[in-house]
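Undergrad: To start, I am sharing the structure in question, which I have written as structure tokens.
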Amino acid sequence: MKQQARSMTGYFDKGKSTRRERFLAEMEQAVPWSRLLSVIEPHYPKRSAKGGRPPLPLERMLRIYCLQQWYNLSDPAAEEALYDSLTMRRFAGVHSDDDVIPDETSILNFRRLLEAHQLTEALFTEINAHLAERGLFVGKGTIVDATIVHAPASTKNARQERDPEMHQTRKGRQWCVSRTQAADL
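Under this note's numbering, the first residue of the sequence shown is numbered 9, with each subsequent residue one higher.
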């Protein structure tokens with residue numbers, strides 16, 4: 009076992025967990041890591057081409073890819089987040105000063121590997137299978153945007169009929185007209 013970095017000592021005894029820590033702890037338990045790794049492993053390089061640096065651990069790269077998806081991070085932002093956040097480093101498997109944090113190019117190359125072999129679809133299929141085994145499923149949903157807009161006091165449209173998307177609402181002490189828009193996923 010590697011010795012813990014000095015920068016990490018004392019951190020784990022802070023007494024309070026953040027929302028990010030709780031979310032990542034849930035994902036640690038919910039995601040079928042071994043199943044996902046087995047999907048990617050046949051396509052992941054065992055050693056670097058042309059005698060370059062050895063590839064980073066597959067699980068670390070997958071976890072970073074997940075962090076990118078969950079927190080909407082670009083490749084450079086993912087690298088920066090790993091340097092900036094102890095919680096993200098710990099989730100990605102960076103526990104000591106000897107563990108390498110991948111640079112943005114390595115993160116980009118991993119993402120391209122997943123895309124080139126259409127592994128994102130395979131990962132999604134594997135996650136759905138995992139959920140189905142537990143009686144859960146991911147379904148289609150609707151996002152509703154109820155934005156308050158300035159509109160004439162009348163809620164009638166050009167044909168003098170009530171517009172089904174227009175509703176009255178109260179914002180503070182003032183009555184406003186709101187329009188609800190729904191988008192299917």
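Glycine residues also receive a C-beta, built at the ideal position from the N, C-alpha and C atoms. Treat the numbers as computed from the prediction; the structure is a model and nothing was measured.
1) Assign V108 to one of two classes, buried (16 or more other C-beta atoms within 10 Å of its C-beta) or exposed (fewer than that).
2) Just how far apart, CA to CA, sit D83 and Q182?
3) Going by other Cβ atoms of all chains shown within 10 Å of its Cβ, with 16 needed for buried, is G23 buried or exposed?
4) May I have the straight-line CA-CA distance separating A33 from G180, to the nearest angstrom?
5) Just to confirm, are L66 and E49 a CB contact at a threshold of 8 angstroms?
6) Flag this pair as yes or no: are the beta carbons of L131 and L44 separated by less than 8 angstroms?
7) Rounded to the nearest angstrom, how far is the Cβ of F118 from that of Y73, given a contact under 8 angstroms?
8) Candidates R68, R142 and S114: which alpha carbon is nearest W41's?
9) Between D111 and the rest of its own chain, which residues show a CB-CB distance below 7 angstroms, the 5 nearest in sequence each way excluded?
TA: For this structure:
1) The residue you call residue 108 lines up with position 100 of the sequence shown. V108 is exposed by the Cβ-count criterion.
2) Counting from one through the sequence shown, the residue named residue 83 turns up at place 75. Counting from one through the sequence shown, the residue named residue 182 turns up at place 174. Roughly 45 angstroms between the two C-alpha positions.
3) Mapped onto the sequence shown, residue 23 falls at position 15. Under this definition G23 is an exposed residue.
4) Locating residue 33 in the sequence shown gives position 25, counting from the first residue. Locating residue 180 in the sequence shown gives position 172, counting from the first residue. So the two alpha carbons sit approximately 39 angstroms from each other.
5) Numbered from its first residue, the sequence shown carries residue 66 at position 58. Numbered from its first residue, the sequence shown carries residue 49 at position 41. Cβ atoms of L66 and E49: closer than 8 angstroms.
6) In the sequence shown, residue 131 corresponds to position 123, counting from 1. In the sequence shown, residue 44 corresponds to position 36, counting from 1. A contact, by the Cβ cut-off of 8 angstroms.
7) Counted from its first residue, the sequence shown places residue 118 at position 110. Counted from its first residue, the sequence shown places residue 73 at position 65. So it is a contact: roughly 6 angstroms between Cβ atoms.
8) The count along the sequence shown starts at 1 and reaches residue 41 at position 33. If we check each option's Cα against that of W41, R68 comes out closest.
9) Stepping through the sequence shown from its first residue, residue 111 is reached at position 103. Hits under 7 angstroms: E87.
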